Structure formats: C-alpha cells, structure tokens
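Residue numbers (full-length UniProt numbering): 1 to 286.
Working notes for the structure below.
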C-alpha cells in the first residue's frame, strides 16, 4: 500500500471521501467473538487503520482500542471518537512487535489486508491474540451492483480493472477475490472456526469454494449520491497513480461517473444511488 504512504497522497480526501462501515458491523464481529463464553471485550487492535474509520466505530465496544498504520500521512488525519480514546501507532502489519504477546482480544482489518504479506501478518496476529481471540478481516471490493442499471456494473469494473488495472498497488487481486486467500491461509496456519461470509449472492462468482452468502450487508450498507461516489473513486490509489503518469488528462473518475450517470438516465449529482456493495468478512479464532 505504498501509494497511501506517499506525501503527495491526500489523506484528508481519504478521510472525507471513503464510505463508512455499517453501524451494525461491530456487533456482527462481537457476536462471533462472544460465541466463546469466556471471551472478553477488553482490547481491540485495528490494523491498517488508515484514518481510523473503523477504529472509531468499534472503540465503544472495547475497553481499550489500539490502531496501527504504516503510513504517517494517513495517521495525520486520524481522529478520535466522540467518546473514549484510541491509541494510534505507526507500524506495519507484518511487524507488530510493539504489541505484547497474547494481549489482544480481537484484531480487526477493515479493507486493508489485501496489501499485507499474509503469512507474516497472520503469524503476528496469532502472537498478539489471546487464546480463542478473534481475527476479523473484512471489507468491500470497490465494486457493486446497480439493480436498476446493470450496465453501470460493467462500467465500474471496466474503470477499475481495464482502464486502471496496471495502476493498483500489489495485492488488489486479493480484494477482488473478496479475501478468499485468507479463507484458505487462516485454515492452513491453524486458526479455528473459520467463517467466510460474502454479500450479495452475485459476489460468490468471485470467491473460492467455502464462502457463505450472508443474509444481510453486515459490513457496509453506505448510501451514496453520485457526488459521493465520485469522491470515493477519487480516493482510490489507482486514480492517484494514473494521474501521476498522466497529469494533464481529465480526471478519470469524473469521466467514469458521468458515463454511469448517462447510462442510468441521471443528471442530479445529489440523487441517492440504488447500489449494493460487494463485501466479505473472514472470521476465525486463534
């Protein structure tokens, strides 16, 4: 995820342009965690926190919240929650040596684990988690479904995969596969009770064999306007990287959104989209 660590990347734009996770998503994770009666909600560690979007959301479910990110640029825009306090620490997912052994009840990664060296990260997660502690890897692919305008689905994938496919940082394919690699790797590395949930049904076309369709969008159900869709696309690392190479070209995200609006017969940038987020979650125990 080197792009997000570059000084020229706008962390403030990321903080305001990224969608937020479902307010119910922390409860979904905690419900799995508390299936082991002795499990506590003492200390949660949010890895690759970015600007702290999910760390703030889950912080009131735990007594202590620590959030790490490799990017100093991103952490400069990380905010505190309305109640409580998050300890933000600069550091990588592959080396969490600042976190003591068996000191964490839950490790979360919100739309960030695709950038990691998965073996090194999972080794560190096993080290810091308490016995039966929960690892939660989840996120949204950036794609989704426009029920009333299915051609917009194709425009979105064409934009992200064909136009900008060469401009993503390494690891993007793991997100496009909705973290199916972690569904396999966690089992191989001895994690227990592995669950791989995806939503909606169409998302199973992009996953491995053991995924389960969730009955609701448990991770993200963010409502967007065309204007906020544009802001979101402009936060993508591929857009930033593309315009480093082609600085004089018109913003590619604007072109893509205008194409989708034309296809949907829309002209009002403030109208609410009928859009279903493609999303997944891998849950397992140490």
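All residues carry an ideal CB built from backbone N, CA and C; glycine is no exception.
Values in this document were obtained by computation on a predicted structure and should not be read as measured data.
Per the Cβ contact rule, the segment 168 to 175 is not in contact with the segment 202 to 215 (fewer than 3 Cβ pairs under 8 angstroms). At a Cβ-Cβ threshold of 7 angstroms, residue 78 and residue 51 count as neighbours. Residue environment analysis places residue 143 among the buried positions, since at least 16 neighbouring C-beta atoms fall within 10 angstroms of its C-beta. According to the DSSP secondary-structure assignment, residue 138 is paired through a beta bridge with 110, 281. In this structure residue 43 is buried. Its beta-carbon is surrounded by 16 or more other beta-carbon atoms within 10 angstroms.
Your pair residue 99 and residue 128 checks out as a contact, with CB atoms roughly 5 angstroms apart and the cut at 8 angstroms. Every alpha helix (DSSP H) stretch that sits fully inside the segment 13 to 50 and reaches 4 residues is listed by chain position as 25 to 33.
Note that the C-beta distance between residue 223 and residue 155 is not below 7 angstroms. Rounded to whole angstroms, the separation of the alpha carbons of residue 150 and residue 182 is 30 angstroms.
At the C-beta level, residue 177 and residue 206 come within 7 angstroms of one another.
Secondary structure of residue 183 (DSSP, three-state): helix. Between the alpha carbons of residue 184 and residue 264 lies a gap of roughly 38 angstroms. By the Cβ test, the segment 134 to 143 is not in contact with the segment 74 to 93, since fewer than three Cβ pairs between them sit closer than 8 angstroms.
Residue range 192 to 199 is occupied by the beta strand (DSSP E) that includes residue 192. Residue pairing by DSSP places residue 90 opposite 69 in a beta bridge.
Cβ neighbours of residue 63 within its own chain (closer than 8 angstroms, five residues either side excluded): 41, 42, 43. Within the same chain, and ignoring the five residues on either side of residue 164 in sequence, the residues whose Cβ sits closer than 6 angstroms to its Cβ are 238, 242.
Using a 10 angstroms sphere on the CB of residue 117, the tally of other CB atoms stays under 16, which defines it as exposed. Across the structure, residue 189 and residue 122 are spaced so that their CA atoms are roughly 8 angstroms apart. Across the structure, residue 153 and residue 230 are spaced so that their CA atoms are roughly 15 angstroms apart. Excluding sequence positions up to five before and after residue 221, its CB lies within less than 6 angstroms of the CB of 22, all in the same chain and listed in chain order. Under DSSP, the beta-bridge partners assigned to residue 64 are 43. Boundaries of the alpha helix (DSSP H) harbouring residue 231: 226 to 234, taken from the DSSP string. Taking every protein chain shown into account, the CB of residue 119 has fewer than 16 other CB atoms within 10 angstroms, so this residue is exposed. Looking at the DSSP output, residue 144 shares a beta bridge with 277. For the options 174, 103, 26, the alpha carbon positioned closest to that of residue 59 is the one of 26.
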